[in-house]
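Residue numbers (the UniProt record's numbering): 1 to 1173. All C-beta atoms, glycine included, are put in the ideal place defined by N, C-alpha and C.
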Amino acid sequence: MSSELGGAASLIAAAGNGVFDTVKNELDKGVDINVVDAQGLTPLLSAARHGHLEIATFLLERGADIVMTDHEGDTPLIAAATEGHVEIVRLLSKTGGGVENSSQDGNTPLIRAAKNGHLEVVQLLLEYGADINRTNQFGSTALLWAADCGHIEVVKYLLEKDAAVDLATNDGFTPFLYAASCGHVDVMDILLRNGAVVENTTEDGSTALLLAAEHGHVDAVKFMVEKGVSIEAATNDGLTPLSCAALNGHIGAVQYLLEQGADINAVTLTGGTALNWAAGFGHVDVVRVLLENGATVDVATQAGVTPLLFAASNNHVDVVLLLLENGAAIDGTNAKGSTALNCAAEYGHVNVVQHLLKRGAAIDLPDAKGSTPLICAASFDHLETVRLLLENGADIRKFDKDGYTALNCAARNGHANIVQILLENGADINHASSDGFTPLASSVSQDHIDVIRLLLEHEAAIDAASKEIMSPLISAACKGHLELVRLLLEKGADTESKYESGYTALSYAAQNGYTEIAQALLKSGAAIDATSDDGSTPLLMTALFGQLSAVRALLDHGASVNLPDSYGYTPLMVAASKNHVEVVELLLKAGATVDTKSQSGDTALRFAAHEGNAECIRLLLEYGAGVNVAGSNNCSALQGAIYSGHVKVAKLLLSRGADSNTLDDDGDTLLHEAVLRGQLEIARLLFEREADPNVSNEVGWTPLMLASQRGHTKIATLLVEKGAAVNSRISDGRTALFLAAEGGYLEIVRLLLDNNAAVNVVDDDNQTPLMKAAYGGHDETVRLLLDNNADVGVANSSGFTAIDIAQRNCRYDVWVTLQEHETTQASSATTTLKAAPDQHSKPDWFIPSREVRKDQEPFTAGSFGKVYKGWWLSTRVVVKTVTVANEKENRTFHREARIWQKARHPNIVPFFGACDEGSTYFFVCEEAKNGKLLDYLYHAREEGRSLVWRKLLDAALGLHFLHERHIVHSDLKCNQILVSKDGVAMLTDFGLSFLTTEQSGDEETVGAIRWKAPEVIRKDKPVTPNAQSDVYSFGMCVVEAVTCDVPWGQRVPDPVVKFHVTRQKFMPRPKAFESDAQWELVLGLCAFDPSERMKLSNAIDLIRDFAEEERFQEKLQMMRDEDDDMSEVEFGLKETPTLKKPTMGSMRALTKMKSLGRSIRARREVESWATAA
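Below is the structure:
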């Protein structure tokens, strides 16, 4: 293996170094000619990159792969073009090197050659058919790169070959704008002479003049001014060329623009002028020029930031002095009330503070929050600034609007040096803020030990200033600071002080397991049984949190083991409920009373049973707990265990003598409780103890009724096996069959009927089980009841039959079933012919083949058949043909016809009938006059309308209708969505949809692979199409409808799609998805894990929102169009056509780090910063 690796490395190195003999020798030894190194280089790539023509020719003759790429996606041709190796480019171009192949960033050989100024290579590539206007993934063309880099000869040649002179990137940068930003005047001139539009702007509104000024290219600025370009044209944010030049300190550009009459006080959207930006970035020479030319010295942004405030905040001393010399208001404030002195003090700019003080700045002027310069400096640990302010007479007693002094702030933030100097200068050590925090309390709350020691050394008050805040001792105990607790105790801290709900330091320490702190507090006299507001003692809270060592310490110091809180809970109860076994044992050994009851009547045993804490139960029983002691609602421990489903605990209690036939105050037995919670195993356990299945509770419910209502099939079966009466009634006359039918629990209904349940029993309102099933829309349950002679004609007390109830509640499927049954019954009652029915009679959906004529050619094809337009008698229809080869497919076709016949919904293509004659069967359905969805959407866009989300909503509703009936589409894509003459989207071509309960899992994967869910197309154990895979396919339909392209795009072949999808790699986000929410919808629908896919009902809610927004935007546009029409009528104005620019992604290539990008970002950051300041 090592020799193979060595040969590969030797081959690649020799190809790159031009050592022909070594290349030949290694290949003769059998080294793979396409071997790849760690950087992805092949021998051919290496030779092409370094210009070794002889080796490149030899490698190609030996069969080297001409289009293999390195890790950056560069092919040999791209590498050679980048380096300017003309002859190698010629060789590779004529031998199929791929002149249009691109690297990962989208750069083609032509773009690379143009970027690097290789004119001959550019000429050669164009001769071989390179696309002159091809863009990379950032939207840059060859001309744009040549203009950017100043390659004038390349620019000239590309223009001669008709390169698009104004093709712009997504950011709106044209070649001319790039040339201007880089100061290439000669390139700018040739571009203009070839038709470049000088007024073009970038996405943020930057003109060529602004970009030149921003980068200090005075010659380019002069060139454009001479061409008549407006010197006041501003960006979308209001930045002018003068502001940009000032911001970046380009004094030459500033002076020239001022000479040309630029508005010196022009403001941005946030109110900043050229002087603001120059001052903020410390360009003192620019500031001087602007002031000499009449710039307003105290101009403020919308946030109130003046040039002086800007300069002071950024520590530009020279600018501060210059502004003050020119009359800047020294105590002017921004929107937050901060002066220049406030800002300088907050940032610790001591030199600026010093100069401001010398020139008379108000030393104690507070900002809007009441913070003085001293408070600001102390808060941010600026020691020298604090010292300077104190030396100049700053008032140390001042406090902000929250009552915090400089000392309070310094202590809270842990600035020990600041605390020291403030104390030395007489700061009030016990000043309490508005919320009651003294410097000591603040520092303890933030764990600033050094500050705490310092304050205690200066005799700070040891206890809290008010009962509403945590005392230093409680705070230290809460956080486990033993050393601090001892220090506070030595200083005389009050051990009995309480906080919030009345807990002492001892309670906090003990419940958090800080045993040493608890012991220290006890030694200092802390009350061991002090109670909180709810009566909790330290021992109870410690037992609750299971702190064993702390419990032992409290017991050793004499804590009362049975002292309850105000609810009657004892330490033993809370420990048992939380399963703290060792604590329970310790409390029992210390004499805890085992059967004490809380105010609700519950014991420790019942708490433990309810939580399933078996070990605690064993301990309690060993110490004599009464196993049948009842608690609240007369419930025993066993009932609590059953309620929570703790089988092991129930077995344990029964083995220790728990009564299995007890009743609670509602009359519920243990069996009732087990059934209610669906606990099958416990039910079996109770029957082993001879539980009675027919006991009724206070309202007449038996266990079987509960099981029937809750749908617990297995429990219901067990109850019937144990002799449960199936026809028992509750007070309103309902039986178990009523309850099961109402819930649609088919198997329970079948169980009850098989055990002689009365099918036509009526309740107090004269309702039958059939009516209940019809009301709930449970079609299969209705069919089962009808099969068991349920009477359709019975009417309830309001006069409604089951058919009426189904109709009134929009249960269409049930209504059809009941109608068919009633018709059948009526027919049977009137006929006198007793012969067996004709087994060869045709179903009611049958259409004879002679009545249907289909067009010669199909207009589309799905996974299972072809679709034609045609005629049924005199009606224009669509005919879907299916080849049926065996009995299984024949049954499938018939089932399909029945399904479609009943699938009547506005968003399902209407079904006329089907034919099962001959070898080719067919379905007949309504013709959708508006054709396929994508065609419909395209024509809508041509008319200026966007209907995507409204039509997708239609399709989603149709799919939801199918899924509610357990019908899977299995072949869903946009060509299976048609649009009616009324503009309604409808699903068609069910792709031989099938009921999920009837299909096996071993069928072949069929259909268009791009729309298929990964679990359906994977090689290892693919699953049968189901509702979840339909959801995935619908997500792909969303992609298709929004992009007007197939999922993954036309360029990606099917095998590649399958490769990515089966490895859980999803497609990149298409640019058409402008909304994050819409793309998140796709990701939710197409989650690789079916269990994590968005529910279709949730997707419908989101799509409905998108559709409403789409409709709103359309109405808004209509209103705007009406306004525009009125303007034309009244004023005769013509609409100015807008310049369309291609949107092809971000302009900047990842390989290019230029000041252009940085300066644009800097401008935005500056404005944001200024607003914040």
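Grab me the residues of residue i's own chain with a C-beta within less than 8 Å of its C-beta, minus the 5 sequence neighbours each way, in chain order.
i, result
"residue 766", "794, 795, 796 and 797"
"residue 59", "15, 23, 33, 43, 44 and 47"
"residue 9", "37"
Candidates the options: which alpha carbon is nearest residue i's?
i, options, result
"residue 313", "149, 1046 and 334", "334"
"residue 940", "983, 221, 968 and 898", "983"
"residue 576", "564, 544 and 596", "544"
"residue 959", "330, 1095 and 595", "1095"
"residue 968", "1022, 950, 911 and 900", "900"
"residue 649", "605, 632 and 142", "605"
"residue 569", "595, 555 and 547", "595"
"residue 419", "189, 491 and 387", "387"
"residue 680", "1043, 645 and 136", "645"
"residue 1064", "1071, 1052, 1079 and 1087", "1087"
"residue 562", "1031, 590 and 970", "590"
"residue 478", "497, 932, 546 and 509", "509"
So, residue i versus residue j, is the Cβ gap smaller than 7 Å?
i, j, result
"residue 702", "residue 660", "no"
"residue 213", "residue 224", "no"
"residue 697", "residue 666", "yes"
"residue 909", "residue 847", "no"
"residue 715", "residue 757", "no"
"residue 356", "residue 374", "no"
"residue 268", "residue 239", "yes"
"residue 53", "residue 31", "no"
"residue 638", "residue 658", "yes"
"residue 914", "residue 928", "no"
"residue 139", "residue 169", "yes"
"residue 673", "residue 643", "yes"
"residue 150", "residue 187", "yes"
"residue 741", "residue 801", "no"
"residue 953", "residue 1041", "no"
What residue range does the beta strand (DSSP E) around residue i cover?
i, result
"residue 923", "920-926"
"residue 1035", "Where residue 1035 is concerned, there is no enclosing beta strand (DSSP E), although the alpha helix (DSSP H) it sits in stretches over 1027-1043."
"residue 594", "No beta strand (DSSP E) holds residue 594; DSSP gives it neither H nor E."
"residue 1067", "From DSSP, residue 1067 is part of no beta strand (DSSP E); its letter is neither H nor E."
Residues in the same chain with beta-carbon distance under 6 Å from residue i, minus the five sequence neighbours each way, listed in chain order, please.
i, result
"residue 733", "763 and 764"
"residue 755", "720 and 726"
"residue 265", "273 and 296"
"residue 515", "549, 550 and 553"
Which two residues bound the contiguous alpha helix (DSSP H) that contains residue i?
i, result
"residue 220", "218-226"
"residue 112", "109-115"
"residue 912", "No alpha helix (DSSP H) contains residue 912, which is instead part of the beta strand (DSSP E) from 911-915."
"residue 978", "From DSSP, residue 978 is part of no alpha helix (DSSP H) but of the beta strand (DSSP E) over 977-979."
"residue 771", "769-776"
I'd like to know whether the C-beta of residue i is nearer than 7 Å to at least one C-beta of chain B.
i, result
"residue 373", "Checking the listed chains, one finds no chain B in this structure; it contains a single protein chain."
Can you list, in chain order, the residues of its chain whose CB lies under 7 Å from that of residue i, leaving out five sequence neighbours each side?
i, result
"residue 739", "705, 708 and 709"
"residue 178", "144, 147 and 148"
"residue 41", "12 and 70"
"residue 712", "675 and 678"
"residue 1166", "Caution is warranted here: a pLDDT of 38 is assigned to residue 1166, below 50, making its placement in the model unreliable, and the coordinate value is therefore given only provisionally. If we look at residue 1166 and ignore the five residues flanking it on each side, its Cβ neighbours are 247, 277 and 280."
> Any chance the stretch 271-286 sits against the stretch 242-251, with 3 or more Cβ pairs inside 8 Å?
Replying inline: Flag = yes, the stretch 271-286 and the stretch 242-251 touch.
>> For the structure I just gave you, are there three or more beta carbon pairs, one from the stretch 1057-1067 and one from the stretch 1105-1116, closer than 8 Å?
In response: Fewer than three pairs of CB atoms, one per stretch, sit closer than 8 Å, so the stretch 1057-1067 makes no contact with the stretch 1105-1116.
> Taking contact to mean at least 3 C-beta pairs separated by less than 8 Å, is the stretch 852-860 in contact with the stretch 811-823?
Replying inline: no
> Contact between the stretch 400-420 and the stretch 440-457: three or more CB pairs below 8 Å?
Replying inline: yes
> Any contact of the stretch 909-927 with the stretch 970-977, i.e. 3+ C-beta pairs under 8 Å?
Replying inline: no
> Is the stretch 171-186 touching the stretch 116-135 in the sense that three or more CB pairs, one from each, lie closer than 8 Å?
Replying inline: no
>> Three Cβ pairs or more, each shorter than 8 Å: is that satisfied between the stretch 82-101 and the stretch 127-143?
In response: yes
> Three or more C-beta pairs closer than 8 Å, one from the stretch 934-949 and one from the stretch 869-889: is that the case here?
Replying inline: no
> Are the stretch 426-435 and the stretch 382-392 touching by the rule of at least three beta carbon pairs closer than 8 Å?
Replying inline: no
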